[in-house]
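Following: one structure in structure tokens, then a few remarks.
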Amino acid sequence: MIKLENLVKIYEGNSNPAVDNLSVEIPNGKICILIGPSGCGKTTLLRMINGLISPTGGKIFINDNDITEVDQVELRRNMGYVIQGTGLFPHWTIAENISVVPKLLKWPKDKIENVVNNMLILIGLDPDEYKNRYPKALSGGQVQRVGVARALAADPPIMLMDEPFGAADPITRSKLQNEFLYIQEKIRKTIVFVTHDIDEAIKMGDLIAILKDGKLIQYGTPDDILSHPENEFVSEFVGSDRTLKRLGLIKVRDVMTRGVEIVKSSDPIDKVKEMIKRVNNNFLYVINEKMEPRGYVLEEDLEKGKNLKEIIRTMASPVNPEDTLKTALSNMMALGVGTICVVNNKNEFIGEVTLNVLTRLISNTDRE
Amino acid sequence: MNKITGKKQLMKVLLIPILIIGIGIVVSIYYVKNPGGQMAANIISYSNIKRRLIEHLELVFVATFLAIATAIPLGILITRKRFKKIAPIIITVVNFGQTLPSLAVIGLMMGLLGLGFKTAIFALWIYSLLPILRNTYTGIRKVDPNIIDTAYGMGMKKMQILWKVELPLALYIIFAGIRTATVVNVGTAALATFIGAGGLGDFIVIGISLMRNTILLTGAILTALLAVFLDNILGNIENSIIV
Amino acid sequence: MRLINFMVQRINILLQLTAAHAYLVIFSMIFAIAIAVVSGILITLPSWPKNILLRNILFIISLLAGILIAFIFYKEQPISNRIILFMLYGFFIGLIFYRKVLRNVILYIDSIIMTIPSIALFGLFIPILGIGFFNAVVALVLYAQLPIIRNTYAGITSIDPAVTDSARGMGMSNLQIILKVKLPIALPIIMAGIRTSTVMIAGIAAIASYIGAKSLGEFIFRGISRGSQNMILTGAIWIGIFAIITDFFLGRVEKWFTPKGLRVD
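Protein chains in written order, with the numbering used here: chain A, 622 to 989; chain B, -2 to 240; chain C, 1433 to 1697.
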């Protein structure tokens, strides 16, 4: 756990504090995002945790140890540090770059070699091919990955990341983010992550701390921040499309309706007519023998055909419970329908999400 | 670059050169008044100092002028398309020549042309031609080809591009070459005394052979001051060139 | 033809002088490189200590140390000279704590020294150091400073701050950062400075023979006094060859010193 207590930093010859009486607690195994406009003190904060800058006032605890009482060099070796542009050493190979901290910690040779291989595999680079290359022979995305691998090499419990993907283009960046989240699933580090990109913050963060002029404006989960912005500044910062962003945060599983009435494609028309009246709806989903959704039927079409197969309509492509509402919405929009069915990974029908639910969610956000 | 404007800045720029001249005058007066012996007094006199100084300046300026007059046109010439192939060869030779020590050049010329003022001028000219030639070449080559394309696109002729685009943009680098050449010439001219061309080096050489520190220091201090003086003035001009 | 004959007959002396010349150059360069690289690194570091009061106290202490040095070691000098000496010593020792000022002072003084003609610089030292090998070495070391210091400084300050920052962030000590990161990355640029310096020194060393340090210049000066064209030409050609070989050799060394990851090919 990282605990910041009434932290203050005033730079020499500057009357305004860069960090102003800031207190934050970051639980173990979570990604905490520090975000804010440039000059808000987020990088200063990160560098103070690393001991690169000493605070003017206040205290920093790591697992209840005051960092000013620990040896600085020792402290840093127990933290992975990734910065924008990564700062790979151009005169060393990838393997040498990754093994910097293990070497500083004087690990045995075979252990270091193992770590290098494992790290390269973890970030998806073939060890035999990349080990002896120099940073200049890598693409931008690969350089960023190696930067992360280097920070992870000595298996530090804490990772500090200062806009680690800031230099990458949008497509590479999103790929790197996904990869990193995947890696974090496995390694469960305590991560402090600085960014200025709110979308990145929402995507990556378990917790988000919004800073302005060195002050903590709001600290909470992404959903908290999107649904309950503390003030004008936060709602402006997260953007006027915050409700849409929130859709990207909520899983289908949380809002789907289960136990929806459905009909089989082999059912006779009359049974369907009866059912439609009973559920007081103007359509019904149709599934096949294997429980896979095939489409839907409209009440008004029921007179037009003799069996269901003739009048069945194409439905929006189904979503999984783990998908976000954003996906659900966009699938609905693709066909201009107001509902979408949810399937499990065997492609069996398990429920539906309707536009009504989404609108209610959105209006909720706005009211608050 | 900072253009020299206003009296204050002019004073600032002139302060060091004036200071150097002042030191030079004080040193001359001091050693003329305290020559340390009759023999030295015969050598350190105002008229002698003046004569050697003028000789020295003559060597430096005539050689530098000749070098400018030949090296710049030559430098321009080898940046033209027609000479594209031989330009790298010439530049290699120039670089090669610049690694030659000044004493070797002086010695070579002395061996080939004999003693005298003209030999000295020739040696200085050859030696100082190199930095100007090289800087003219690199200065023009460094001009962004897009700018030249634009100039063509606006209907400029080749000569107009040279005079109005390439040379003004390369001026800063060319002038840096001239500055180097001049300062190097002050040093090489001090060696010209061995060819019998006079100059302030005379005092140093005589001072060493007669073992009279006063004569030696007169020459050494004045030569050093002259070099620093010219370097400073030319440096100020160089900085006032706006690129 | 006659010239070649002449050279062959005197090949023994020529080789002896070449060895002396090389010795003078190498001897001076070892000192020059050590001093210049250290001061080049020193001026890239921030002023230390950070506390201004403490810095001033250290500055005053070093001034006092300067007085001590001047009074203990230069007893034979008149008192006025000693005062000047202690001011200089103390000032420069004290400047170690003010790196920015030190940088400007060092680079400015060095650039002035570079413009002073070599024969004048040798001459300036004669009253203090007399003639001979020692005088030549002092002047040559001074001459060699500027290109190396300037390149060391430029090489180190041009390193991407992200690189040094992440080195520090990963827990490298200051010394480790200098030795393992800064110097290796700046090495090609430093080597280029050393090459420039050495070639220049190889030429100036020839002139040093006029003040009694044995070197290849001896042939030229003796040739002048004896009026022997052959001797002058032999000296001039030999000095030229020496400089060119030095340049070529150091060019190779420069390439060899460039870490693989920094090579452009």
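For glycine and all other residues, C-beta sits at the position ideal for the given N, C-alpha and C. None of these values were measured; they are calculated from a predicted model.
Through-space distance from residue j to residue i, alpha-carbon basis
i: N229 of chain B; j: L12 of chain B; result: 10 Å
i: A1610 of chain C; j: I1475 of chain C; result: A small fix is needed here, since residue 1610 of chain C is Ile in this sequence, not Ala. Computed Cα separation, rounded: 13 Å.
i: I1639 of chain C; j: I1465 of chain C; result: 21 Å
i: K1482 of chain C; j: R77 of chain B; result: 56 Å
i: K0 of chain B; j: Q6 of chain B; result: With a pLDDT of 49 at K0 of chain B, under the threshold of 50, the predicted position of this residue should be treated as unreliable, and no value is reported.
i: K925 of chain A; j: I897 of chain A; result: 16 Å
i: Y1521 of chain C; j: I1473 of chain C; result: 20 Å
i: G1649 of chain C; j: A1668 of chain C; result: 8 Å
i: E989 of chain A; j: S848 of chain A; result: Here the model assigns E989 of chain A a pLDDT of 45, short of 50, so the residue's position is not dependable, and the following value carries that caveat. Those two C-alpha atoms are separated by around 7 Å.
i: V225 of chain B; j: I1551 of chain C; result: 14 Å
i: N635 of chain A; j: L828 of chain A; result: 30 Å
i: M(-2) of chain B; j: N233 of chain B; result: With a pLDDT of 41 at M(-2) of chain B, under the threshold of 50, the modelled position of this residue cannot be trusted; read the value that follows with caution. Computed Cα separation, rounded: 10 Å.
i: E734 of chain A; j: W728 of chain A; result: 10 Å
i: P791 of chain A; j: K967 of chain A; result: 33 Å
i: M1519 of chain C; j: V1537 of chain C; result: 15 Å
i: W1670 of chain C; j: I51 of chain B; result: 33 Å
i: A68 of chain B; j: A120 of chain B; result: 15 Å
i: I933 of chain A; j: S951 of chain A; result: 22 Å
i: Q95 of chain B; j: V1631 of chain C; result: 10 Å
i: G1655 of chain C; j: S1479 of chain C; result: 53 Å
i: I688 of chain A; j: L625 of chain A; result: 11 Å
i: Y906 of chain A; j: E851 of chain A; result: 42 Å
Proximal chain C residues relative to residue i, where beta-carbon distance stays under 7 Å
i: P711 of chain A; result: I1617, G1693, L1694
i: I201 of chain B; result: I1551, A1552, G1555
i: G184 of chain B; result: P1549, S1550
i: G198 of chain B; result: I1551
i: K757 of chain A; result: G1693
i: T61 of chain B; result: Under the 7 Å cutoff, chain C gives no residues; its nearest Cβ is about 15 Å from T61 of chain B.
Per-residue contacts from residue i into chain B (C-beta, under 7 Å)
i: A1668 of chain C; result: A101, G104, L105, G108
Candidates the options, of which the one nearest residue i by Cα
i: R1535 of chain C; options: C:L1578, C:S1494, C:M1663, C:A1624; result: C:L1578
i: S1390 of chain C; options: C:G1635, C:F1681, C:R1684, C:V1685; result: Given that chain C is displayed from residue 1433 to residue 1697, the structure contains no residue 1390 of chain C and the question cannot be resolved.
i: G216 of chain B; options: B:M208, B:F226, B:V202; result: B:V202
i: N699 of chain A; options: C:M1604, C:F1674, C:T1450; result: C:M1604
i: I652 of chain A; options: A:V813, A:L982, A:R874, A:T945; result: A:V813
i: A101 of chain B; options: C:I1664, C:D1679, C:F1681, C:I1558; result: C:I1664
Closer than 9 Å at the beta carbon, the chain B residues around residue i
i: A1464 of chain C; result: Residues of chain B passing the Cβ test: none, with the nearest at roughly 17 Å.
i: L1539 of chain C; result: The contacting residues do not exist; L1539 of chain C stays about 14 Å from chain B at best.
i: A1634 of chain C; result: T96, P98
Beta-bridge partners of residue i, as assigned by DSSP
i: F814 of chain A; result: A:I654, A:M782
i: F682 of chain A; result: A:K624, A:D687
i: L837 of chain A; result: A:L832
i: C962 of chain A; result: A:E973
i: V645 of chain A; result: A:L625
i: F904 of chain A; result: A:L919
i: M700 of chain A; result: A:I779
i: P889 of chain A; result: A:N928
i: P914 of chain A; result: A:I908
i: V884 of chain A; result: A:V907
i: K155 of chain B; result: Answer is none; K155 of chain B lacks a bridge partner.
Interface residues of chain C facing residue i [CB-CB closer than 8 Å]
i: I205 of chain B; result: G1555, I1558, I1563, Y1642, I1643
i: N671 of chain A; result: G1601
i: R794 of chain A; result: Under the 8 Å cutoff, chain C gives no residues; its nearest Cβ is about 18 Å from R794 of chain A.
i: V764 of chain A; result: By Cβ distance, chain C contributes nothing, its closest Cβ being about 11 Å from V764 of chain A, past 8 Å.
i: L725 of chain A; result: M1602, G1603, M1604, Q1608
Contacts of residue i in chain C (Cβ-Cβ under 9 Å)
i: G216 of chain B; result: I1551, A1552, G1555
Chain A residues whose Cβ lies nearer than 9 Å to that of residue i
i: D1592 of chain C; result: G706, G708, P711
i: S1629 of chain C; result: The premise fails here: S1629 of chain C is roughly 23 Å from chain A at the closest Cβ pair, so nothing lies under 9 Å.
7 Å Cβ cut-off: residues of chain A touching residue i
i: V1613 of chain C; result: F710
i: V1440 of chain C; result: Those do not exist, as V1440 of chain C stays about 48 Å from chain A at its closest Cβ, beyond 7 Å.
Amino acids of chain A, ordered along the chain, whose beta-carbon sits closer than 8 Å to that of residue i
i: V1595 of chain C; result: G708, L709, F710, P711
Heavy atom of the ligand PLP within 7 Å of residue i beta-carbon
i: W1688 of chain C; result: No copy of the ligand PLP appears in this structure; indeed no ligand is present at all.
Discussion item. Restricting to runs no shorter than 4 residues, where is the alpha helix (DSSP H) found entirely within the segment 923 to 960 of chain A?
Written reply: 929 to 932, 946 to 956
Worksheet item: Can you list the alpha helix (DSSP H) stretches of 4 or more residues lying completely in the segment 705 to 757 of chain A, in chain order?
Response: 715 to 719, 721 to 725, 730 to 743, 748 to 751
Worksheet item: Which whole runs of the beta strand (DSSP E) in the segment 1589 to 1644 of chain C are 3 residues long or more, in chain order?
Response: none
Fill in: Residue ranges of each beta strand (DSSP E) within the segment 1495 to 1532 of chain C, 3 or longer
none
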